[in-house]
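Let me begin by presenting the structure, written as structure tokens, before commenting on it.
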Amino acid sequence: MTNHRILLVDDESEFVDTLAERLYLRGYHAETVNDGEAALRSIGDNCPDLVVLDLKMPGLGGMEVLREIKRFNNLMPVILLTGHGSTKEGIEGMRQGAYDYLIKPINIDELIQKINEAIEGK
Amino acid sequence: MVRKLWHHFTAYDENIASPARYKLLKRNIIILMYLVTFIPLLSMASINFFQYKTSLKKEIISSLRLMSNKAAHSISLYLEERLSSIRALAASYSYQQLSDQEVLNGLYQIFTKEFGGFVDLGVINRDGIQVAYAGPYELLGKKYSDQKWFNEVSIRSVYISDVFMGHRGFPHIAIAVQQFDSKGQAWFLRATIDTRKFDEIITSMGILPEGDAFLINRGNVLQTHSKLFGGVLERYPFSIPSSAPGTYFLEEKDTQGHTVWISYTNLQQNAYSLVIVKPQSIFLKSWHVLQKEMFIAFLIGTIIIIIAVMKTSNYLVNQIKAADQKRESAFRELENSQKLSSIGRLAAGVAHEINNPMAIIDQKSGLMKDLIEFDTTFKGKDKFLKQIDSILQSVERCKKITHRLLGFARRMEVMYEKLDLNEIIVEVLGFLEKDALHRGINLELKLAEDLPKISSDIGQLQQVFLNIITNSFAAVEDGGNIIVTSWKKNNEVVAVSIEDDGCGMSKETLAHIFEPFFTTNKDYGTGLGLPITYGIIDKLGGKIEVTSVENEGTVFAVELKINNLENKEKQ
Numbered sequence: 003m004t005n006h007r008i009l010l011v012d013d014e015s016e017f018v019d020t021l022a023e024r025l026y027l028r029g030y031h032a033e034t035v036n037d038g039e040a041a042l043r044s045i046g047d048n049c050p051d052l053v054v055l056d057l058k059m060p061g062l063g064g065m066e067v068l069r070e071i072k073r074f075n076n077l078m079p080v081i082l083l084t085g086h087g088s089t090k091e092g093i094e095g096m097r098q099g100a101y102d103y104l105i106k107p108i109n110i111d112e113l114i115q116k117i118n119e120a121i122e123g124k
Numbered sequence: 005m006v007r008k009l010w011h012h013f014t015a016y017d018e019n020i021a022s023p024a025r026y027k028l029l030k031r032n033i034i035i036l037m038y039l040v041t042f043i044p045l046l047s048m049a050s051i052n053f054f055q056y057k058t059s060l061k062k063e064i065i066s067s068l069r070l071m072s073n074k075a076a077h078s079i080s081l082y083l084e085e086r087l088s089s090i091r092a093l094a095a096s097y098s099y100q101q102l103s104d105q106e107v108l109n110g111l112y113q114i115f116t117k118e119f120g121g122f123v124d125l126g127v128i129n130r131d132g133i134q135v136a137y138a139g140p141y142e143l144l145g146k147k148y149s150d151q152k153w154f155n156e157v158s159i160r161s162v163y164i165s166d167v168f169m170g171h172r173g174f175p176h177i178a179i180a181v182q183q184f185d186s187k188g189q190a191w192f193l194r195a196t197i198d199t200r201k202f203d204e205i206i207t208s209m210g211i212l213p214e215g216d217a218f219l220i221n222r223g224n225v226l227q228t229h230s231k232l233f234g235g236v237l238e239r240y241p242f243s244i245p246s247s248a249p250g251t252y253f254l255e256e257k258d259t260q261g262h263t264v265w266i267s268y269t270n271l272q273q274n275a276y277s278l279v280i281v282k283p284q285s286i287f288l289k290s291w292h293v294l295q296k297e298m299f300i301a302f303l304i305g306t307i308i309i310i311i312a313v314m315k316t317s318n319y320l321v322n323q324i325k326a327a328d329q330k331r332e333s334a335f336r337e338l339e340n341s342q343k344l345s346s347i348g349r350l351a352a353g354v355a356h357e358i359n360n361p362m363a364i365i366d367q368k369s370g371l372m373k374d375l376i377e378f379d380t381t382f383k384g385k386d387k388f389l390k391q392i393d394s395i396l397q398s399v400e401r402c403k404k405i406t407h408r409l410l411g412f413a414r415r416m417e418v419m420y421e422k423l424d425l426n427e428i429i430v431e432v433l434g435f436l437e438k439d440a441l442h443r444g445i446n447l448e449l450k451l452a453e454d455l456p457k458i459s460s461d462i463g464q465l466q467q468v469f470l471n472i473i474t475n476s477f478a479a480v481e482d483g484g485n486i487i488v489t490s491w492k493k494n495n496e497v498v499a500v501s502i503e504d505d506g507c508g509m510s511k512e513t514l515a516h517i518f519e520p521f522f523t524t525n526k527d528y529g530t531g532l533g534l535p536i537t538y539g540i541i542d543k544l545g546g547k548i549e550v551t552s553v554e555n556e557g558t559v560f561a562v563e564l565k566i567n568n569l570e571n572k573e574k575q
């Protein structure tokens, strides 16, 4: 089990909960929230090592949350999740300071690889 | 009625590009063109025809009148001269002098020599007895008191007889004048005139062989020989229209039933009428020649018009047909674009909505797999893992579909750069080489060496050719043939064709291949490959055409602009 704390942000609770469980099975401690506001609160309270953030969410969108995170802690790595199958929004997120992006449905091994790379490069 | 006729004339549906429509259109154009050309042509021809006929008739009558008047004047003059000379003789000499046979003989000699036409001269006393006679016959002492002419000359002082044969046996006329001696007693000088001079005058008129000219008296008796109506003193079958001086024209049928034009000119002495007969056919000879020439001109004109109308109508209908086809093709393209656009938006929505639950399925399945794999005591592990893998494979398949849907909907931004089309084709075929080798498909490349570089998007073009060639691979049997050809079409366009000898497509299939989700291979195809291809080519400013014959093969022809700066600006 690693000491890294990961925050998973997605409006689909089934998705993030399952993902969190899978990460846990692989030795990662992951917390989940289902909207932008909750994500920002959790970041403020717990200061996770990495955030996995869905771009498309009701209310505060992924891109706004990303900008807030970067404003709060520019070094905090953020991996974006996009369901659009397009590189355009992912690339835009990277311009805004995201570490990388993955297209849904994601591959767990690919996600873990990105997480490790991001935390090691922090 | 007119409305019904017009409706019948224009009863075609403009939206239907059927052969019947063009046939009807061609028929209408031909009819209209014939009407607008033949109506003025026929009108002009008719007007010319009748005007020329009328003026020709007038001209012919005028020349006939002139000829007739001239001849009548000559005959009148001839008679007048003879009458004047007899009058002068009677006035210049006394009855006693002229009764002297020697004097009369001398004068007769002079008259026959100087005037001509005199047959004899005779002096007749008041009792009608010829007291002196100069001439070839033995008529001295002949008594004329009981003859008609003697009575008439006694009343009118002048007499001109009709032609008669008398006992001389040839046609002649008699002229006589009355004179009085110093005692007031009447005496008469009579001369016989040979009428052959009349024939000479008539002959000199130059009547054509088919025509006839002669003199008749008031009693319709021929005074000179007629070719058509017989010899001297025979009856002329028609009546003189008027006995007043002047020239008159009539149209009659001759004995053979031919129409003849007859002119009557009454002589000044009012004794005879000069009749000129001409068959209408002679008069109209020049008319018929002209008529023939006009007919030939009309015929040639008609042939030229018919050819011109046929050619023009063919050209017009072909132009209309081509324009219709272009319009139809443009509509079809527009329809396709609109379909692609609206279905693209729908596809984007569907893909996004499906992606999220698919991600959950993916993660849940993944978790199940993780739990089973991490639990070493799990019973029936392999069986469960197999089922989960099957779910994950299906998720992967759905992922590909949604990605393609989104790709179709968004059509990634075009990045223009200078590209070697041949290189792209070779590169794309590189992906399929193994498949070709495995299936024994013969890939033949006919790439133009001098193909210019084009301004386009490499990724989009790779997708285009990959889609088309993959389709060809699907169409051919193992061991089939695929030929890829590239060429420079003109200074602005290069073209690539992908030809296979596969199963081909029916016309019905061909009409739908660019429609999204249309597929003939429901197990593997998404029905988006060719619509995406179509969309990309359209976006790149190119053109794609497909020809296919069922069981023979298919040819995809792609045309691309060499310089795509205009398109780049539009992006």
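Residue numbers (our numbering), protein chains in the order written: chain A, 3 to 124; chain B, 5 to 575.
For every residue, glycine included, the Cβ atom is placed at its ideal position computed from N, Cα and C.
Every value quoted in this text rests on a predicted model; they were computed, and no experiment measured them.
*Quickly, what does DSSP pair W265 (chain B) with across the bridge? List them, please.*
Within the second sequence, numbered from 1, the residue matching residue 265 (chain B) stands at position 261. Partner(s): B:E255 and B:K282.
*Exposed or buried, what is K373 (chain B) when buried is set at 16 or more other beta-carbons lying within 10 Å of its beta-carbon?*
For the purposes of this step, residue 373 (chain B) is identified with residue 369 of the second sequence, where counting begins at 1. By the neighbour-count rule (16 or more Cβ atoms within 10 Å), K373 (chain B) is buried.
*With a cut-off of 8 angstroms on the beta carbons, I'd call L42 (chain A) and A32 (chain A) a contact; round off their distance for me.*
Taking the first sequence and counting its residues from 1, one reaches residue 42 (chain A) at position 40. Taking the first sequence and counting its residues from 1, one reaches residue 32 (chain A) at position 30. Going by Cβ atoms, the distance from L42 (chain A) to A32 (chain A) rounds to 17 angstroms, so no, they are not a contact pair.
*Apply the 10 Å Cβ neighbour rule to M314 (chain B) and answer buried if 16 or more other Cβ atoms are within range, or exposed otherwise.*
Taking the second sequence and counting its residues from 1, one reaches residue 314 (chain B) at position 310. The residue in question, M314 (chain B), is exposed, as its Cβ has fewer than 16 Cβ neighbours within 10 Å.
_What are the residues in the region 474 to 498 of chain B lying within 7 angstroms of chain A by C-beta distance?_
none
*Looking only at C-alpha atoms, which of B:N360, B:A478 and B:Y148 sits nearest to T523 (chain B)?*
Here the question's residue 523 (chain B) lines up with position 519 in the second sequence. Nearest of B:N360, B:A478 and B:Y148 to T523 (chain B), Cα basis: B:A478.
*Please state whether DSSP places L564 (chain B) in a helix, a strand or coil.*
As a working note, residue 564 (chain B) is residue 560 in the second sequence. Annotated three-state conformation of L564 (chain B) is strand, per DSSP.
*E16 (chain A) touches chain B at which residues, Cβ-Cβ below 7 angstroms?*
Taking the first residue of the first sequence as 1, we reach residue 16 (chain A) at position 14. Within 7 angstroms Cβ-Cβ: I364.
*Please classify Y240 (chain B): does DSSP put it in a helix, a strand, or coil?*
Residue numbering aside, residue 240 (chain B) sits at position 236 when the second sequence is read from its first letter. Three-state DSSP puts Y240 (chain B) in coil, outside helix and strand.
*Please report how far the alpha carbon of F174 (chain B) lies from the alpha carbon of F253 (chain B), in whole angstroms.*
Taking the second sequence and counting its residues from 1, the one referred to as residue 174 (chain B) is at position 170. Taking the second sequence and counting its residues from 1, the one referred to as residue 253 (chain B) is at position 249. Those two C-alpha atoms are separated by around 31 angstroms.
*Would you call the region 424 to 444 of chain B and the region 395 to 405 of chain B in contact, with 3 or more CB pairs under 8 angstroms?*
In this structure the region 424 to 444 of chain B does not touch the region 395 to 405 of chain B; the number of beta carbon pairs closer than 8 angstroms is below three.
*Measure the beta-carbon distance from V157 (chain B) to A136 (chain B) and round it to whole angstroms, keeping in mind my assumption that it falls under 8 angstroms.*
Walking along the second sequence from the start, residue 157 (chain B) turns up at place 153. Walking along the second sequence from the start, residue 136 (chain B) turns up at place 132. Their Cβ separation, rounded to whole angstroms, is 17 angstroms, which puts V157 (chain B) and A136 (chain B) out of contact at 8 angstroms.
*Reduced DSSP category for A515 (chain B) - H, G, I as helix; E, B as strand; rest coil*: The count along the second sequence starts at 1 and reaches residue 515 (chain B) at position 511. Residue state, collapsed to three classes: coil.
_Bridge partners for W191 (chain B) per DSSP, in chain order?_
Stepping through the second sequence from its first residue, residue 191 (chain B) is reached at position 187. Paired residue(s): B:Q183.
*Taking contact to mean at least 3 C-beta pairs separated by less than 8 angstroms, is the region 159 to 168 of chain B in contact with the region 53 to 60 of chain B?*
no
*Sheet register partners of R7 (chain A) (DSSP bridge)*: Start at 1 with the first residue of the first sequence, and residue 7 (chain A) comes out as number 5. According to DSSP, which records beta bridges pairwise, R7 (chain A) is partnered with A:H31.
*Starting from G250 (chain B), follow its DSSP beta bridges and name the residues at the other end.*
The count along the second sequence starts at 1 and reaches residue 250 (chain B) at position 246. Residue pairing by DSSP places G250 (chain B) opposite B:N270 in a beta bridge.
*Counting pairs of Cβ atoms below 8 angstroms between the region 298 to 306 of chain B and the region 273 to 286 of chain B, do you hit three or more?*
no
_CB of Y268 (chain B) within 8 angstroms of CB of P249 (chain B), strictly_ = Taking the second sequence and counting its residues from 1, the one referred to as residue 268 (chain B) is at position 264. Taking the second sequence and counting its residues from 1, the one referred to as residue 249 (chain B) is at position 245. Cβ atoms of Y268 (chain B) and P249 (chain B): not closer than 8 angstroms.
*Please list the residues of the region 28 to 47 of chain A that have a C-beta atom closer than 7 angstroms to any C-beta atom in chain B, keeping them in chain order.*
Listed in sequence order: no entries.
*asked:* Taking 7 angstroms as the limit between beta carbons, can you name the residues of its chain near D258 (chain B), skipping five residues before and five after?
replied: Here the question's residue 258 (chain B) lines up with position 254 in the second sequence. Contacts found: L232 and V264.
*DSSP state of L62 (chain A) mapped onto helix, strand, coil*: The residue given as residue 62 (chain A) occupies position 60 in the first sequence. Looking at L62 (chain A) - three-state DSSP - the assignment turns out to be coil, as it is neither helix nor strand.
*Which of helix, strand or coil does DSSP assign to I487 (chain B)?*
What you label residue 487 (chain B) is simply residue 483 of the second sequence in a count that begins at 1. Residue state, collapsed to three classes: strand.
*Is any beta-carbon of chain B found at less than 8 angstroms from that of R24 (chain A)?*
Start at 1 with the first residue of the first sequence, and residue 24 (chain A) comes out as number 22. With 8 angstroms as the cut-off, R24 (chain A) counts as an interface residue toward chain B.
*Mark D111 (chain A) as exposed unless 16 or more other C-beta atoms lie within 10 angstroms of its C-beta, in which case mark it buried.*
For this step, residue 111 (chain A) is matched to residue 109 along the first sequence. Under this definition D111 (chain A) is an exposed residue.
*With a Cβ-Cβ cutoff of 8 angstroms, do I502 (chain B) and S460 (chain B) count as a contact?*
Sequence index remark: in the second sequence, residue 502 (chain B) carries index 498 (1-based). Sequence index remark: in the second sequence, residue 460 (chain B) carries index 456 (1-based). In this structure, S460 (chain B) does not lie closer than 8 angstroms to I502 (chain B) by Cβ.
*Residues of chain A with a CB under 7 angstroms from the CB of V354 (chain B): which are they?*
For this step, residue 354 (chain B) is matched to residue 350 along the second sequence. Within 7 angstroms Cβ-Cβ: nothing; V354 (chain B) doesn't reach chain A, min ~12 angstroms.
_For chain A, check one thing: does any of its Cβ atoms lie closer than 8 angstroms to the Cβ of G370 (chain B)?_
Locating residue 370 (chain B) in the second sequence gives position 366, where the first residue counts as 1. So yes, G370 (chain B) belongs to the interface.
*Using a C-beta cutoff of 8 angstroms, does I125 (chain A) count as contacting chain B?*
Since the first residue of chain A shown is 3 and the last is 124, residue 125 (chain A) is not available in this structure.
*Range covered by the beta strand (DSSP E) that runs through K134 (chain B)*: Stepping through the second sequence from its first residue, residue 134 (chain B) is reached at position 130. Note on identity: in this sequence residue 134 (chain B) is Gln, with Lys being the wrong assignment. Taken as a continuous stretch (DSSP letters only), the beta strand (DSSP E) holding Q134 (chain B) covers Q134 to A138.
*asked:* Going by C-alpha to C-alpha distance, which of B:G223, B:M209 and B:N224 sits closest to A217 (chain B)?
replied: Taking the first residue of the second sequence as 1, we reach residue 217 (chain B) at position 213. Of the listed residues, the one whose Cα sits closest to A217 (chain B) is B:M209.
*Taking Cβ positions only, does G85 (chain A) come closer than 8 angstroms to chain B?*
The count along the first sequence starts at 1 and reaches residue 85 (chain A) at position 83. Yes, G85 (chain A) lies at the interface with chain B (some Cβ there is under 8 angstroms from its Cβ).
*Return the CA-CA distance between I405 (chain B) and F521 (chain B), expressed in angstroms with no decimal places.*
Taking the first residue of the second sequence as 1, we reach residue 405 (chain B) at position 401. Taking the first residue of the second sequence as 1, we reach residue 521 (chain B) at position 517. Near 11 angstroms, if we compare the C-alpha coordinates of F521 (chain B) and I405 (chain B).
*asked:* What would DSSP say about H176 (chain B), mapped onto helix, strand or coil?
replied: For this step, residue 176 (chain B) is matched to residue 172 along the second sequence. Three-state result, H176 (chain B): strand.
*asked:* Three or more C-beta pairs under 8 angstroms: does that hold for the region 291 to 301 of chain B against the region 226 to 242 of chain B?
replied: Contact between the region 291 to 301 of chain B and the region 226 to 242 of chain B is absent, because fewer than three Cβ pairs lie under 8 angstroms.
_For the pair the region 67 to 86 of chain B and the region 191 to 207 of chain B, tell me if three or more CB-CB distances fall below 8 angstroms._
yes
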